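Each remark here refers to the structure printed beneath this line.
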Amino acid sequence: MKEILMQVRDLSFRYGKHSVIKNVSFDLFKGDYFGVVGPNGSGKTTLLKLCLGLIKKDSGTIKLFDKDVENLKERTKLAYISQKSNSFNMGFPATVEEVIKGSLLSIGYNKKDANEMMGRALNEIGIENIRHKRIGDLSGGQQQKAFIAKAIASNPEVIFLDEPTVGIDQKSQDYFYETMGRLNKEGVTLFMVSHDISAVTTYSNRVICIGENTFHIHEKNEISDIETSLKKIYGKNMGFVTH
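As C-alpha cells, this is what we get:
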C-alpha cells in the first residue's frame, strides 16, 4: 500500500463568478513525480497554490501529511520553486548564500544549522563557486540552480514546482530535469506544473491533464490515454513529442 502524502477531495475554487477548479479529487503518493499540464488559464498554478495553502479554497478538503494544509505548521517538509522570473526580486542586493540562509532562518532553523544546510545544498547542486554572487547578477541557469539549492536545503519531503524551466536555456533545462530525477529516485516527492508537455509525459509517473471543465489523472503506462486527453484540451492537431 502506497503512503498518501496529500489527499484532495471535492476541491473547488472560483475567481469571482468564473469557476477554475470544480469538484477535483486526487491523491499524491510518497515517491510520486506528479506532473500537471494544461493550457494557459486552465487552473494549473491555481491548483498548485491551493495545495500549498497559498490561496484559500471555496470548498472541499486538502490534507497534507494528514493535516489540513491551511493549518499546516510543518513547513520544513515542503519546498516551492516558482517561475524563475517571478520567484525573487532580482534588484534586491542579496547573494546566493544570503537567499538560501535567509530562507532557512525564516522557517525556524538557527544560524549554525542554517549555515551547515546551506553549505550542503550549494555543494550538492554544484554552485559553491557562486555563493557570494548577487542573485541579480547570475545567468538564468545559475539563478535556477540557486533556487533549486534553496528548495532542497531543508531536506524537504515534497517539492512543488510551478513552470520551473521558464526562461532558461536547453542546457539548464536538461540539468534541471536530471537533478529532479535524481532527487525523486532518492525519495523526494515532486508535484510539478509545466507548459512542457513532452517533459512531463517523459519524466512523471502520474500526470494530470487539466482544461476547462476537464480533469483527468493518468498513470505512466497510459500514454495513449494521455494523448487523448491532451488532444481534447489542446485540439486534435496537437503534436506529441517525447524527450
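Position one of the sequence shown corresponds to residue 1 (full-length UniProt numbering), numbered consecutively onward. Virtual Cβ for every residue (Gly too), placed ideally from N, Cα, C. Keep in mind the model is a prediction, meaning the values are calculated, not measured.
The segment 191 to 202 makes contact with the segment 19 to 34, as at least three CB pairs between them are under 8 Å.
Where S198 is concerned, the enclosing alpha helix (DSSP H) starts and stops at 197 to 203. A distance below 7 Å between beta-carbons, with the five flanking residues on each side excluded, links K30 to the following residues of its chain, in chain order: K2, E3, L5, T189.
Taking C-beta atoms under 8 Å as the contact rule, L11 and L50 qualify, at a distance of about 7 Å. Taking the CA atoms as reference points, D174 sits about 19 Å from K150.
Rounded to the nearest angstrom, the Cβ distance from G167 to G140 is 5 Å, consistent with a contact under 8 Å. Rounded to the nearest whole angstrom, the CA to CA distance from D196 to D137 is 27 Å. Annotation: V193 is outside any alpha helix (DSSP H); the continuous beta strand (DSSP E) that includes it extends over 189 to 193. CA-CA distance, A114 to K101, rounds to 6 Å.
Rounded to whole angstroms, S82 and L161 show a C-alpha spacing of 6 Å.
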